[in-house]
Amino acid sequence: MFTKMQDGTPDDWAIIGAAHREHFYKTPSHLMDMLRSLKDITGGFACDQLQHSLMTATLARRDDATDEEVAIALLHDVGKSVNIPNHGPIAAELMRPYVSDAAYQVIYNHQHFQGKFYYTFMGENPNMRDDFLKESWYDLAVKLVDRWDAPAFDPEFEVDSLESFEPLLRKIFSQPGRAL
Ligand SMILES: [Fe+2]
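Its first residue numbered 0, the sequence shown is counted upward by one per residue in numbering that gives the first Met the number 0.
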């Protein structure tokens with residue numbers, strides 16, 4: 000095996016490719032760990048971010064959402080485990096190889112859709128979602144934010160367990176469907 004990439008051979012890259020594919024199957028476990036870490040973040044809300052994520056996903060599940068919709072509902076704020084200001088794009092990029100472009104765009108931009116409910120308190124335009132009115136994924140973003148995400152800050156709500164969502168994460172995030 001090379002010690003400088005400049006010296007790589009086809010055999011080296013066959014070995015590296017096989018080893019990388021083994022890592023694909025670890026993604027659901029990493030996502031579960033990131034979700035668990037949201038328990039430590041409350042950020043001034045009435046409940047912690049794990050409860051918020053589980054409530055968002057539970058509402059989606061009980062609203063006859065598709066598997067992908069439930070998955071992105073669960074993971075929409077997982078980027079907060081890394082950093083809060085850029086959490087939408089972080090979560091979107093984590094999911095990108097595994098989900099539709101519509102799902103990617105919804106998660107990337109979801110904060111601007113939530114802005115309807117609080118940007119005015121921050122001196123920003125609360126109608127920023129209108130910039131996306133012509134996008135094919137606009138209705139999905141409205142559904143995610145208005146029906147599942149925005150109402151999901153109740154610490155007393157009986158959420159489905161994180162473990163109950165693990166089979167879904169394993170189904171969607173074990174094999175990238177899009178080019179890496
Ligand atoms: Fe959220």
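Beta carbons: idealized from backbone N, C-alpha and C, even for Gly.
Between the CA atoms of residue j and residue i - distance to the nearest angstrom
{"i": "G16", "j": "F1", "result": "14 Å"}
{"i": "G122", "j": "I14", "result": "54 Å"}
{"i": "H111", "j": "T8", "result": "47 Å"}
{"i": "T119", "j": "M127", "result": "11 Å"}
{"i": "Q174", "j": "Y24", "result": "7 Å"}
{"i": "P96", "j": "I171", "result": "10 Å"}
{"i": "G176", "j": "D10", "result": "25 Å"}
{"i": "L168", "j": "H51", "result": "18 Å"}
Three-state secondary structure (DSSP) of residue i
{"i": "Y24", "result": "coil"}
{"i": "N124", "result": "coil"}
{"i": "D39", "result": "helix"}
{"i": "S135", "result": "coil"}
{"i": "V77", "result": "helix"}
{"i": "T55", "result": "helix"}
{"i": "M0", "result": "coil"}
Beta carbon of residue i nearer than 7 Å to that of residue j
{"i": "A101", "j": "L58", "result": "no"}
{"i": "V69", "j": "H109", "result": "no"}
Proximity winner among the options, relative to residue i (alpha-carbon distances)
{"i": "E157", "options": "L34, Y137, A56, T119", "result": "A56"}
{"i": "T65", "options": "L161, D153, K142", "result": "K142"}
{"i": "C46", "options": "P150, P166, L167", "result": "P150"}
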